[in-house]
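S.K.: Input: one structure, supplied below.
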Amino acid sequence: MFGRSRSPERDRPAEQLGRSFGRLAVLGVVLVVAGLLGLVYVGVATLTTMLLFGWLLLVGGVVGLLHAVQSRGSNFFWLAVIVAALNIAAGVVVICRPEVSAAALTMFAALLFLAGGVFRLVGGVVVRGPQFGWTLVQGAFGILLGVLVLADWPHSSLYVIGCFFSLALLFDGLGLFAMGIGGRRIVGMVEEGRMAGSDSPPGGPDGSDRTAATPGGP
Numbered sequence: 015m016f017g018r019s020r021s022p023e024r025d026r027p028a029e030q031l032g033r034s035f036g037r038l039a040v041l042g043v044v045l046v047v048a049g050l051l052g053l054v055y056v057g058v059a060t061l062t063t064m065l066l067f068g069w070l071l072l073v074g075g076v077v078g079l080l081h082a083v084q085s086r087g088s089n090f091f092w093l094a095v096i097v098a099a100l101n102i103a104a105g106v107v108v109i110c111r112p113e114v115s116a117a118a119l120t121m122f123a124a125l126l127f128l129a130g131g132v133f134r135l136v137g138g139v140v141v142r143g144p145q146f147g148w149t150l151v152q153g154a155f156g157i158l159l160g161v162l163v164l165a166d167w168p169h170s171s172l173y174v175i176g177c178f179f180s181l182a183l184l185f186d187g188l189g190l191f192a193m194g195i196g197g198r199r200i201v202g203m204v205e206e207g208r209m210a211g212s213d214s215p216p217g218g219p220d221g222s223d224r225t226a227a228t229p230g231g232p
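Mind the numbering: the sequence shown is residues 15 to 232 in this note's numbering, read in order.
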């Protein structure tokens, strides 16, 4: 009797926001499934990652070349052409020889892990900041990971890149799923609170009129 009717215009933004968070959760589930499949079939994930990387380089190089042709009167024309040509050449090589490209990229990643681990260890010992212990652990882990990858190279190139890519998909999917579920829950709580406030009687929760005559009143 005292409640106010719900307006579809007022409910539409909340419903759209809830559906957006729902799609985010569904995308997270898809990424989690893709990450788990990649961890099971690591070799396929490695080849897929390299082919995807090669096509990205090729498409990016073509787009960069078209952009350079359109701005051929500028000062950076030849630099843009050279960068685009390098991207196209690298994309063609990666697409035609994904196994060799994976081996080279795995070697580069292992050297990067070693260099980063040594840098963290030396920096942690020299600086001795508040995160001294954690910095040493990170440095030692980077060195250990680089040594393990190099010790099994080039065989490690069959699974290292696919494993890293699959783990990235898995953790990104878990983050998106948690964000979508949490967002839908928050939207639902806000809607319940708004409905409870709009359905309450104007005189108070029990419907009684809070306005009382004062002792000196008429």
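We put the beta carbon where it would ideally sit given N, CA and C, even for glycine.
Please list, in chain order, all residues of the same chain as A117 whose beta carbon is under 6 Å from its beta carbon, the five residues on each side excluded.
M.R.: Locating residue 117 in the sequence shown gives position 103, counting from the first residue. Counting only Cβ-Cβ distances below 6 Å, and skipping sequence neighbours, we find P168 and S171.
S.K.: Given a cut-off of 8 Å on the beta-carbon distance, is the pair G196 and G36 in contact?
M.R.: Taking the sequence shown and counting its residues from 1, the one referred to as residue 196 is at position 182. Taking the sequence shown and counting its residues from 1, the one referred to as residue 36 is at position 22. Result no, Cβ atoms of G196 and G36 do not sit closer than 8 Å.
S.K.: For G131 and L183, what's the separation of their Cα atoms in angstroms?
M.R.: In the sequence shown, residue 131 corresponds to position 117, counting from 1. In the sequence shown, residue 183 corresponds to position 169, counting from 1. Those two C-alpha atoms are separated by around 24 Å.
S.K.: My understanding is that G75 touches G105, with C-beta atoms under 8 Å, so please give their C-beta distance in whole angstroms.
M.R.: Counting from one through the sequence shown, the residue named residue 75 turns up at place 61. Counting from one through the sequence shown, the residue named residue 105 turns up at place 91. Yes, G75 and G105 are in contact; Cβ-Cβ is about 6 Å, under 8 Å.
S.K.: Whose C-alpha, out of V141, V163 and R134, is nearest the C-alpha of V151?
M.R.: Position 137 of the sequence shown holds residue 151. Nearest C-alpha to V151: R134.
S.K.: Between which two residues does the alpha helix (DSSP H) carrying L172 extend?
M.R.: Counting from one through the sequence shown, the residue named residue 172 turns up at place 158. No alpha helix (DSSP H) contains L172, which DSSP labels as neither H nor E.
S.K.: Tell me whether the segment 172 to 180 and the segment 50 to 65 touch, counting them as touching only if at least three CB pairs, one residue from each stretch, are closer than 8 Å.
M.R.: Touching, yes, given that three or more Cβ pairs across the two stretches are closer than 8 Å.
S.K.: Three-state secondary structure (DSSP) at Q145?
M.R.: Translated into positions along the sequence shown, residue 145 becomes position 131. In this structure, Q145 counts as coil in the three-state DSSP scheme.
S.K.: Where does L119 land, buried or exposed, given buried means 16+ other C-beta within 10 angstroms?
M.R.: Sequence index remark: in the sequence shown, residue 119 carries index 105 (1-based). Answer is buried; the Cβ neighbour count reaches 16.
S.K.: By Cβ distance below 6 Å, which residues in the same chain neighbour G32 in space, the five residues on each side in sequence not counted?
M.R.: Within the sequence shown, the letter at position 18 stands for residue 32. Excluding residues within five positions, the ones whose Cβ falls inside 6 Å are R198 and V201.
S.K.: Only counting the same chain, and skipping five residues up and downstream in sequence, which positions put a Cβ closer than 7 Å to that of L65?
M.R.: By one-based count along the sequence shown, residue 65 stands at place 51. I109 and P112.
S.K.: Pop quiz: G46 and G187 are said to be a contact at Cβ under 8 Å. What is the actual Cβ separation, rounded to whole angstroms?
M.R.: For this step, residue 46 is matched to residue 32 along the sequence shown. For this step, residue 187 is matched to residue 173 along the sequence shown. The displayed chain sequence assigns Val, not Gly, to residue 46. About 4 Å separates the two Cβ atoms, so the contact holds.
S.K.: Near F127, which residues of its chain fall below 6 Å by C-beta distance, leaving aside the five closest residues on each side in sequence?
M.R.: Within the sequence shown, residue 127 is the residue found at index 113, counting from 1. Hits under 6 Å: G156, L159 and G160.
S.K.: Cα separation between V97 and V77?
M.R.: Position 83 of the sequence shown, counted from the start, is the residue given in the question as residue 97. Position 63 of the sequence shown, counted from the start, is the residue given in the question as residue 77. Whole-angstrom Cα-Cα distance: 11 Å.
S.K.: Specify the secondary structure class of A227 as computed by DSSP and reduced to three states.
M.R.: On the sequence shown, residue 227 is found 213 positions in, with the first residue counted as 1. With a pLDDT of 45 at A227, under the threshold of 50, the modelled position of this residue cannot be trusted; read the value that follows with caution. Coil, per DSSP.
S.K.: Would you tell me roughly how many angstroms separate the C-alpha atoms of V44 and G189, rounded to the nearest one?
M.R.: For this step, residue 44 is matched to residue 30 along the sequence shown. For this step, residue 189 is matched to residue 175 along the sequence shown. When rounded, the distance between both Cα atoms is 12 Å.
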